[in-house]
Structures are given as C-alpha cells and as structure tokens.
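Notes to accompany the following structure.
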C-alpha cells in the first residue's frame, strides 16, 4: 500500500496543529463510527486557507456528505458569501443543517438534496467549485460544470491521487476516471492546474480568464 | 531516509505535467550542475498558483538564489505588481536579472544584493512574503518581518519539513529552528497556518486581519 505522505510526517502535522474544536472532532468521530468517507483534516485546513485567499461570493460543493468539508469552507466565508451543499442522502444534509445552525452559519448555506451534477448546473458565476462526489463521475463533472464557473474561478477536487492507486492499474471503475480527470485539467489551456499531495491528493485549477 | 511524498506519486505528478519551458528547464539544469538548492518544481507550480489567487501588489522574497522561485512567482503577477529578490551572492542575482530581462519581467522585479533580513525590512505592506533563506534564520525572519506585512498577507516558507528531519533529532543547527518556526506560526493567533507536504514542505500562513 502506498502512503502518499510519509506516516511520520502526517503525524508530525497532526501533532503540530492539534484540533480542539468540538464540532469538527464530533464530525470526525461520526465518520469513523459510520465508516463514512470524509476529507482528511489536513485537506480541511487547506480548503479553509484556499477559501480565505480566494474570498469567493459563491461556492458550490458536489458531494457534501454530512458537511465536514463544507464546514471548513464556510468558516472562511466573508459576510454575504454562501456555499451550496449537494448530497443524495437527505439524512446527511439534515445533520449538516443542524451543525451549520449551531455554528451560526445556516444563512450562508443552501442545502440541496438530489443529484449533485444536476443541482450544480443550476448555478452560474461559481467562484469555487469543490468536487468530492463519486469518483467515476469526475470527468462528467467537468463537462457539466466548467461552463458555470466565474472568471478566475478555482476548481478543487479531493481524491486526485485516489489512495495512491493512480500509479497502479487496479480498481479501474474509479481509477481510470480519476486519472482522466487529472489529465484533462492538466492539459486544459484555460486553467493553471497543480495537484498537491495533501491527504488523498487535492487538484487545484485556477481559471486564467 | 524519509520520502515526504511517495516517489511513485512524485513521478506521477512530474509526468502528468511535463515542463517544456526552456528557461525553467535551463535553471533546473544549472541547479543540478552546480549542486545549488532550488525549490522543487511542484513547489514552483504551487507558488505560481498561490500568487494567482492572492493577486499581490508587492512580493518580497528572502533568499532568492539565482531566481528560479522568483520566476514562478513573477509569471503570476498582474500589471503594476512587483517582486523584490534578495540574495547575498551578486553573481546569482546578475543571472536572475538576465533571465527576467529575457522574459520581459525585469520591470516587475527589484534585485537587491545583501543581507536578506535587513533588506526585507525596508519594505512595508508586503502582500506575499516568501522565506527560503538559511534555515537557522527562520525564527529571526518572523521577528523581523511580521510587522512589515499587509493586512490579509500571505507568508510562505519552503523547507518546512526539512527533508523529513523535523521528525528526527539530527541536524540541530537547522532542524530545531525550522521546528520552532513551524510551532510559532501554528500557534500564532493572528494567522491561519497550514503546512502542505509538497516538495520539501511548504508552510502557508494567512494573516487574519
């Protein structure tokens, strides 16, 4: 098994910046207990930082689960900005809505139940698009969503290194689409793209015009 | 020896985004031939992206070498923005000046020979401070430079994981100062800080006010 980042280094980073926030910790515990996939905490920190830097008006997230990544992003939003969460499972979104309400962030969020790709296309001038849905849908997400991005938008995708499987030939159902997605964005003339090996790999593409 | 990022993953990223730019390739060759330390190419891409996102007016670099990192940053600067290169060795800066002139970027750059810490303090309202000088000086760089940052500034430092030595007890001349630097920024109330395990580790700290 490939460790994208050396485990000692990963531990160093976790120890250097211990998390004390009860809401984040509770969500991490919930994910562990349910065996539900959420972003790595270091990816959460990174998303928070990218959001602070970008200062978006509108964020759309494709595949929100129960809201862990959305919380990291929403905490970096300025007044008047909002994030759209999309998720198939109503009960996940209900949990997210509860967390956002407790946090005082409910008015910065829209909670949309259903097909993330269909819902996402209802929005235009998206400043940050965060993709974290089923991996085999990543290339389809580009086709659907690129026309809906604002100038100088930031496209971010989690799992771009897919547990290291991008360097293997296994698991083709998800692996080939992730590799194709990485290739499309890396070669796209309208974006500057880089993949950062944090957590499970984060692709970041900045729209150049 | 610790590989911060798995070597197969590092190769995947290099292959996915092959560099064809003759100036960057020549500088990488020069560094190799001279055994001169420059940032990892993936760190270069990351700096470029952070600069696109931040849209700074003024960038100050502490420790410019012969200008490889500065070139990645300068190519992302908007009209009217500038980068200050600082470096002890006059011949390194002369080389950088030549590259920037060929590139048509000379008017966006200032080339300052001397002590980086002293020179850096001549500037105020710095939007991006990039630290890549002698590692034992990293904590001193904070003391000297934090008062010179603009609101919402971005502080970036290379080698924050110091070839993985931050998890070892060796090499205390440089290692302890790097660890101390990471701790100071991680605990600083005025910054949101994260360390991204790209290349040799990049610390990014966003000033919250």
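Protein chains in written order, with my numbering: chain A, 58 to 266; chain B, 58 to 266. Even glycine gets a Cβ: it sits at the ideal position worked out from N, Cα and C. Note that the structure is a prediction, hence the values are computed from the model and not measured.
Shortest alpha-carbon distance to residue i belongs to which of the options?
{"i": "residue 218 of chain A", "options": "A/252, A/190, A/142", "result": "A/252"}
{"i": "residue 139 of chain A", "options": "A/202, A/125, A/108, A/149", "result": "A/108"}
{"i": "residue 201 of chain A", "options": "A/215, A/220, A/172", "result": "A/172"}
{"i": "residue 239 of chain B", "options": "B/77, B/206, B/261, B/121", "result": "B/261"}
{"i": "residue 123 of chain A", "options": "A/194, A/99, A/75, A/169", "result": "A/169"}
{"i": "residue 133 of chain A", "options": "B/215, B/106, B/209, B/259", "result": "B/209"}
{"i": "residue 118 of chain B", "options": "B/207, B/190, B/194", "result": "B/190"}
{"i": "residue 106 of chain A", "options": "A/129, A/90, A/114, A/115", "result": "A/129"}
{"i": "residue 194 of chain A", "options": "A/154, A/120, A/156", "result": "A/120"}
{"i": "residue 94 of chain B", "options": "B/131, B/196, B/192, B/183", "result": "B/192"}
{"i": "residue 178 of chain A", "options": "A/156, A/131, A/116", "result": "A/116"}
{"i": "residue 156 of chain A", "options": "A/224, A/131, A/212", "result": "A/131"}
{"i": "residue 211 of chain A", "options": "A/135, A/176, A/263, A/92", "result": "A/263"}
Using the Cα positions of residue i and residue j, report the straight-line distance between them to the nearest angstrom.
{"i": "residue 198 of chain B", "j": "residue 257 of chain B", "result": "19 Å"}
{"i": "residue 158 of chain A", "j": "residue 222 of chain A", "result": "38 Å"}
{"i": "residue 103 of chain B", "j": "residue 250 of chain A", "result": "9 Å"}
{"i": "residue 101 of chain B", "j": "residue 126 of chain B", "result": "6 Å"}
{"i": "residue 87 of chain A", "j": "residue 97 of chain B", "result": "38 Å"}
{"i": "residue 174 of chain A", "j": "residue 111 of chain B", "result": "29 Å"}
{"i": "residue 265 of chain B", "j": "residue 206 of chain B", "result": "11 Å"}
{"i": "residue 180 of chain B", "j": "residue 160 of chain B", "result": "25 Å"}
{"i": "residue 114 of chain A", "j": "residue 75 of chain A", "result": "30 Å"}
{"i": "residue 142 of chain B", "j": "residue 64 of chain B", "result": "32 Å"}
{"i": "residue 80 of chain B", "j": "residue 90 of chain B", "result": "15 Å"}
{"i": "residue 272 of chain A", "j": "residue 242 of chain A", "result": "There is simply no residue 272 of chain A to check, as chain A begins at 58 and stops at 266 in what is shown."}
{"i": "residue 137 of chain B", "j": "residue 220 of chain B", "result": "36 Å"}
{"i": "residue 154 of chain B", "j": "residue 259 of chain A", "result": "34 Å"}
{"i": "residue 236 of chain A", "j": "residue 144 of chain A", "result": "24 Å"}
{"i": "residue 214 of chain B", "j": "residue 59 of chain B", "result": "20 Å"}
{"i": "residue 162 of chain A", "j": "residue 188 of chain A", "result": "21 Å"}
{"i": "residue 78 of chain A", "j": "residue 99 of chain A", "result": "14 Å"}
{"i": "residue 166 of chain A", "j": "residue 234 of chain A", "result": "30 Å"}
{"i": "residue 164 of chain A", "j": "residue 182 of chain B", "result": "34 Å"}
{"i": "residue 72 of chain A", "j": "residue 196 of chain B", "result": "20 Å"}
{"i": "residue 176 of chain B", "j": "residue 152 of chain B", "result": "19 Å"}
{"i": "residue 224 of chain A", "j": "residue 135 of chain A", "result": "39 Å"}
{"i": "residue 92 of chain B", "j": "residue 92 of chain A", "result": "47 Å"}
Ends of the beta strand (DSSP E) at residue i?
{"i": "residue 187 of chain B", "result": "183-188"}
{"i": "residue 166 of chain B", "result": "166-170"}
{"i": "residue 249 of chain B", "result": "248-253"}
{"i": "residue 140 of chain A", "result": "139-144"}
{"i": "residue 119 of chain B", "result": "115-119"}
Counting C-beta neighbours from all protein chains within 10 Å, is the total for residue i 16 or more, i.e. buried, or is it exposed?
{"i": "residue 84 of chain B", "result": "buried"}
{"i": "residue 204 of chain B", "result": "exposed"}
{"i": "residue 82 of chain A", "result": "exposed"}
{"i": "residue 62 of chain B", "result": "buried"}
{"i": "residue 254 of chain A", "result": "buried"}
{"i": "residue 184 of chain A", "result": "buried"}
{"i": "residue 216 of chain B", "result": "buried"}
Considering just the uninterrupted stretch of the alpha helix (DSSP H) at residue i, what are its terminal residues?
{"i": "residue 244 of chain B", "result": "229-244"}
{"i": "residue 214 of chain A", "result": "Premise fails: residue 214 of chain A lies in the beta strand (DSSP E), 206-215, not in any alpha helix (DSSP H)."}
{"i": "residue 100 of chain B", "result": "98-111"}
{"i": "residue 195 of chain B", "result": "195-202"}
{"i": "residue 173 of chain B", "result": "173-177"}
{"i": "residue 156 of chain B", "result": "147-160"}
{"i": "residue 264 of chain A", "result": "Where residue 264 of chain A is concerned, there is no enclosing alpha helix (DSSP H), although the beta strand (DSSP E) it sits in stretches over 259-264."}
{"i": "residue 218 of chain A", "result": "Taken as a continuous stretch (DSSP letters only), residue 218 of chain A belongs to no alpha helix (DSSP H), as it is neither H nor E."}
{"i": "residue 225 of chain B", "result": "Where residue 225 of chain B is concerned, there is no enclosing alpha helix (DSSP H), given that its DSSP letter is neither H nor E."}
{"i": "residue 64 of chain A", "result": "64-73"}
{"i": "residue 88 of chain A", "result": "79-91"}
{"i": "residue 128 of chain A", "result": "125-131"}
Just to make sure I have the definition right: I need the residues of chain D whose C-beta is within less than 8 Å of the C-beta of residue i. Which are they?
{"i": "residue 218 of chain B", "result": "In the structure shown, chain D does not exist; the protein chains are A and B."}
Q) Is the segment 67-77 of chain B touching the segment 131-150 of chain B, taking contact as three or more C-beta pairs under 8 Å? A) Touching, no, given that fewer than three Cβ pairs across the two stretches are closer than 8 Å.
Q: Could you tell me whether the segment 225-242 of chain B touches the segment 243-252 of chain A, where touching means 3 or more Cβ pairs closer than 8 Å?
A: No: fewer than three Cβ pairs fall under 8 Å.
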